[in-house]
Amino acid sequence: MPSTTDIKKNQLEFEGDEWAPANNHFKTNPNVNRFKKKNKDKGHSFVKIQNKLIALANKKVEGILGQGSFGVVKLGQDKDGNKYAVKVEGKKDIDEQSHEYRAMKLLNFYHGTMKRNLGAPKKYLKETTDVKTYTLLELQEGVEFSKVLVGLNNTQKLICAIACCQAIKQLHLKRIIHCDIKPENFVAKVENNDITIKAVDFGFSLILPNNQNYIIDGWAGTPGYIAPEIDSENKFSFSSDIYALGIMFKKDLGLPAYLYSNLIHQNPSARCCSLDDVIHALTIELNKPESSKIAASTTKTAASITTQATSTAKKAPSITASFKQAANTPIQADGNTQAAGAKWNLNDVLKYATPFFYKPFLGIR
Ligand SMILES: Nc1ncnc2c1ncn2[C@@H]1O[C@H](COP(=O)(O)OP(=O)(O)O)[C@@H](O)[C@H]1O
Ligand SMILES: [Mg+2]
C-alpha cells in the first residue's frame, strides 16, 4: 500500500509548460473536469475543481500524501504555486448537510469538490463505484503521524501528546467531535523538538448541538480506539474522543500509565474530560529533569517548546485529583497496564484495527 513514506517531494516539478495543454483541454471540452497525463512515469494530471485548475502529484514522481480506507490523498498545486491536499474517493458527492462537510467548513479545511463520472463501475479501494469525488482540502504539512511514531524519543513523544491534545481542543471548541482519533488521522511535522500536529479526516465527525453533551449516531470509528459507550449505546461525545486519545497515548506513544489511565476509564462520567488537565499533566512530565522523565530520555528539551507548553499549563487552573497526585509521584513506563474495568484485551482488538463503517443504514451521512 502506498504511504506517506512514498512522498519524494512536496513540490510538484513540471516538465516544461504543462499548464498550456491542460488549459486548452478544459477550454475545448468545457464539460470535462480531468486532463489525464499521457505517461505514467512523468508529467501530471489536472483537475478542474470549482473553476480552479489543479495539478495532481504523479504517484511515481512525487508519491502520495496518504491513503485511508476511503480515499487516496494527493498533493495538488495551482498555477500560482498554492498547495492543497486532494482527497480522491469513490463516493457519490459531497453532502452539504453532512456533519463532515459542516465540520470541514467550520475549520476552513474545505476548498471545493468535483465529481467525475467513470462511465462504468470500477473497483476503487474497498468499493465498486462509477464516480469519483475530488475534494480540495487545506494541506497539512508533514507526514502521517503513524509513520513518525517509531523514531520519536521520550521528549518528542510528550510534545506530540501535547500537540495532539491541542489539535483536538481546537475541534472541541468548535463543537466538533472527531470520532476517529488515531495516529493515521493526524499529520505531524517533526523537526527535532519543533513539532506541529494537525488533525485530518472528518469523515466520521459529528457536530454537537449547543444544548447537548452527547449525540447518538451510527456506530463508527476504528476498533480498538472506540469508547465503550459507543459500542454499547452509540453515544458520541468529547469524552469519547478523549478515550481514543488515551488509547493512542497508551498503545501508540507508550506513555506511562498515569498519563492515560484516567482518559480510558470505561465509565465516561469518571473519565477525565478536560484536555487542559491532560496538557497540564503532560507539561509537568515534559518539564521534569531528563534523568527522571519517562524512561530517562537523554534528549534535551528545546526551549521554545518548553516555553509554549509551560504557558499552556499556566492557563489550566484545575487539575483532576489523579493528575495532581501523579505529578508528584515518580512514574514508570508502563505501556501495557490495562485500564480498570476494561472489558476486552486491547492487544487482540488492535490486531484488527481497521476503520469500520456502519452508518449508511441510518442514511444520515
Ligand atoms: N489535508 C491533508 N493534508 C495532508 N495529508 C493528508 C490530509 N488529509 C489526509 N491526509 C493523509 O491522507 C491519509 C488518508 O486520508 P483520510 O482523510 O484519513 O482518508 P480516509 O477517510 O480514507 O481514512 C491520512 O491518513 C493522511 O496521511
Ligand atoms: Mg483516515
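Under the numbering used here, the first residue of the sequence shown is numbered 37, with each subsequent residue one higher. From the three backbone atoms N, C-alpha and C, an ideal C-beta is built for every residue, glycine too.
Checklist line | Simplified DSSP assignment, three categories, for Ile85 | finding: Sequence index remark: in the sequence shown, residue 85 carries index 49 (1-based). When secondary structure is reduced to three states using DSSP, Ile85 falls in the strand class.
Note to self: Which of the three DSSP states is assigned to Val226 in this structure?
What the structure shows: As a first step, residue 226 is located in the sequence shown; it is residue number 190 there, counting from the start. In the three-state scheme derived from DSSP, where H, G and I count as helix and E and B as strand, Val226 is classed as strand.
Item checked: Rounded separation between Leu182 and Thr258 - CA only -> On the sequence shown, residue 182 is found 146 positions in, with the first residue counted as 1. On the sequence shown, residue 258 is found 222 positions in, with the first residue counted as 1. Just to set this straight, residue 182 is Ser in the shown sequence, not Leu. When rounded, the distance between both Cα atoms is 14 Å.
Checklist line | Within 8 Å, strictly: CB atoms of Leu291 and Ile204 | finding: On the sequence shown, position 255 is the one that residue 291 refers to. On the sequence shown, position 168 is the one that residue 204 refers to. No, they are not a contact pair.
Note to self: Under 7 Å: does the beta carbon of Gly104 sit that close to some heavy atom of ligand 2?
What the structure shows: Numbered from its first residue, the sequence shown carries residue 104 at position 68. Yes, Cβ of Gly104 sits closer than 7 Å to a heavy atom of ligand 2.
Notebook entry, point to check: Helix or strand or just coil, what does DSSP make of Ala91?
Noted result: In the sequence shown, the residue the question calls residue 91 occupies position 55. DSSP places Ala91 in strand when its eight states are reduced to three.
Next item on the list: Assign Pro157 to one of three DSSP states: helix, strand, or coil.
Entry: As a first step, residue 157 must be located in the sequence shown, where it is residue number 121. Collapsing the DSSP output to three states places Pro157 in a strand.
Next item on the list: For Thr169, count neighbouring Cβ atoms within 10 angstroms of its own Cβ and tell me buried if that reaches 16, exposed if not.
Entry: Residue numbering aside, residue 169 sits at position 133 when the sequence shown is read from its first letter. Buried.
Next item on the list: Can you give me the start and stop residues for the beta strand (DSSP E) that Val124 sits inside?
Entry: The count along the sequence shown starts at 1 and reaches residue 124 at position 88. Where Val124 is concerned, the enclosing beta strand (DSSP E) stretches over Lys119 to Glu125.
Next item on the list: State yes or no: is the C-beta of Ile231 within less than 8 Å of the C-beta of Gln192?
Entry: Mapped onto the sequence shown, residue 231 falls at position 195. Mapped onto the sequence shown, residue 192 falls at position 156. With respect to the 8 Å criterion, Ile231 and Gln192 are classified as neighbours on the basis of their beta carbons.
Note to self: Would you say the beta carbon of Leu5 is closer than 7 Å to some non-hydrogen atom of ligand 1?
What the structure shows: Given that the chain is displayed from residue 37 to residue 401, the structure contains no residue 5 and the question cannot be resolved.
Item checked: Cutoff 8 Å: Pro325 Cβ touching any chain B Cβ -> The structure shown has no chain B; it contains just one protein chain.
Item checked: Alpha carbon of Tyr137 to alpha carbon of Val122, nearest angstrom -> Mapped onto the sequence shown, residue 137 falls at position 101. Mapped onto the sequence shown, residue 122 falls at position 86. Answer to the nearest angstrom: the Cα atoms are 15 Å apart.
Notebook entry, point to check: Between the segment 203-217 and the segment 54-72, do at least 3 Cβ pairs fall closer than 8 Å?
Noted result: Fewer than three pairs of CB atoms, one per stretch, sit closer than 8 Å, so the segment 203-217 makes no contact with the segment 54-72.
Margin query: Helix, strand or coil, according to DSSP, for Glu180 in the structure here?
Written below: Here residue 180 corresponds to residue number 144 of the sequence shown, with the count starting at 1. Collapsing the DSSP output to three states places Glu180 in a strand.
Item checked: Asn221 CB to nearest heavy atom of ligand 1 below 7 Å -> In the sequence shown, counting from the first residue as 1, residue 221 sits at position 185. Result yes, Cβ under 7 Å from ligand 1.
Checklist line | In chain order, each alpha helix (DSSP H) run of at least 4 residues that lies wholly inside the segment 274-333 | finding: Fully enclosed alpha helix (DSSP H) runs of 4 or longer: 274-283 and 311-323.
Margin query: Please report the straight-line C-alpha distance between Lys287 and Ala58, rounded to a whole angstrom.
Written below: As a first step, residue 287 is located in the sequence shown; it is residue number 251 there, counting from the start. As a first step, residue 58 is located in the sequence shown; it is residue number 22 there, counting from the start. Rounded to the nearest angstrom, the two C-alpha atoms are 47 Å apart.
Item checked: Whole-angstrom C-beta distance between Tyr279 and Ile300, which should lie under 8 Å -> Along the sequence shown, read from residue 1 onward, the residue named residue 300 stands at position 264. Along the sequence shown, read from residue 1 onward, the residue named residue 279 stands at position 243. Right, their Cβ atoms sit about 6 Å apart.
Check: What first and last residue would you give for the alpha helix (DSSP H) that runs through Thr191?
Finding: Locating residue 191 in the sequence shown gives position 155, counting from the first residue. Taken as a continuous stretch (DSSP letters only), the alpha helix (DSSP H) holding Thr191 covers Asn190 to Leu209.
Notebook entry, point to check: Under the rule that 16 or more other beta-carbon atoms within 10 Å means buried, what is Ala349, buried or exposed?
Noted result: For the purposes of this step, residue 349 is taken as the residue at position 313 of the sequence shown. Caution applies to Ala349, whose pLDDT of 32 falls short of 50 and renders its modelled position unreliable; the model cannot decide the point.
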